[in-house]
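A.B. asks:
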């Protein structure tokens with residue numbers, strides 16, 4: 001995380017952090033994921049009972065971006081709720097990096113855990129385009145993996161961005177020739193990204209007719225797994241110092 005933050009710090013990004021316990025409204029609804037949206041199936045959620053409300057569930061979010069009283073609390077499933085907080089607290093132009101711990105109710109195996117880290121970035125300004133996003137991510141990949149790193153965009157889907165993309169780098173193991181690590185494709189996906197959906201900008205208190213922005217998110221554990229050929233994400237949560245001290 002420190003390495004990622006250092007690279008983006010050179011591009012003018014500042015670190016912004018938010019709470020790990022979020023409300024359903026910011027974690028989902030303000031990110032264009034209403035209660036009946038099929039995208040909720042992508043995130044298996046830990047719900048938290050608030051004794052003050054006896055677990056009451058919110059009726060939704062107001063157009064001005066405020067949450068209704070009595071909303072359901074959750075362990076955040078991603079760092080994306082910090083997009084709303086950052087846009088409402090900081091004036092544009094905006095460049096923030098949002099690292100943090102996230103939680104999903106998933107079966108634990110070599111590639112999934114119920115607890116993981118995510119680093120998300122957000123840039124908002126007048127006239128922001130996909131070209132700015134591509135240039136930034138290319139510079140990031142080459143700073144992290146080397147100047148000759150090849151990259152590509154592929155179409156993706158996230159409800160809070162439109163259009164959405166997956167950002168790939170040439171396989172770090174086989175240099176693009178195809179191997180088991182990259183599924184014989186020659187490419188590895190390191191993050192997802194896209195232009196911020198107008199609905200999300202509105203919930204962030206910004207006029208989408210005036211401001212545009214992009215967001216991107218990555219898992220630092222996954223990047224280290226790709227860099228070093230690590231096959232089990234659970235190693236990062238174990239207390240084996242022989243492994244952990246290699247990444248200090």
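Numbering (our numbering), first residue to last: 1 to 248. Heads up, the beta-carbon is just placed ideally off N, CA and C, and yes, glycines get one too.
1. With a cut-off of 8 Å, does the C-beta of residue 245 fall near any C-beta of chain B?
2. My output table needs one value for residue 20: the three-state DSSP class, helix, strand or coil.
3. Since residue 199 contacts residue 32 with CB under 8 Å, what's their CB separation in whole angstroms?
4. On a CA-only basis, which of 148, 209, 25, 176 is nearest residue 72? Give me that one, please.
5. Give the list of continuous beta strand (DSSP E) stretches no shorter than 3 residues that lie fully inside the region 124-163.
6. Less than 8 Å between C-beta atoms, sequence neighbours within five positions excluded: which residues of the same chain meet that for residue 145?
7. Looking only at its own chain, which residues have a Cβ that is under 7 Å from the Cβ of residue 242, when we skip the five neighbours before and after it?
8. According to DSSP, simplified to helix, strand and coil, what is residue 179?
9. If you count every other CB in all the chains shown that lies within 10 Å of the CB of residue 98, and 16 or more means buried, which is it?
10. How would you label residue 194, buried or exposed, when you count the other beta carbons within 10 angstroms and need 16 or more for buried?
11. Of all the options 154, 126, 19, 167, which has the alpha carbon lying nearest to the alpha carbon of residue 86?
C.D. replies: Working from what's here:
1. Going by chain labels, chain B is absent from the structure shown, which holds only one protein chain.
2. Here residue 20 sits in coil by DSSP.
3. 5 Å
4. 25
5. 151-158
6. 169, 172, 227
7. For residue 242, where only same-chain residues beyond five positions count, there are no Cβ hits under 7 Å.
8. coil
9. buried
10. With 16 or more other Cβ atoms inside 10 Å of its own Cβ, residue 194 counts as buried.
11. 19
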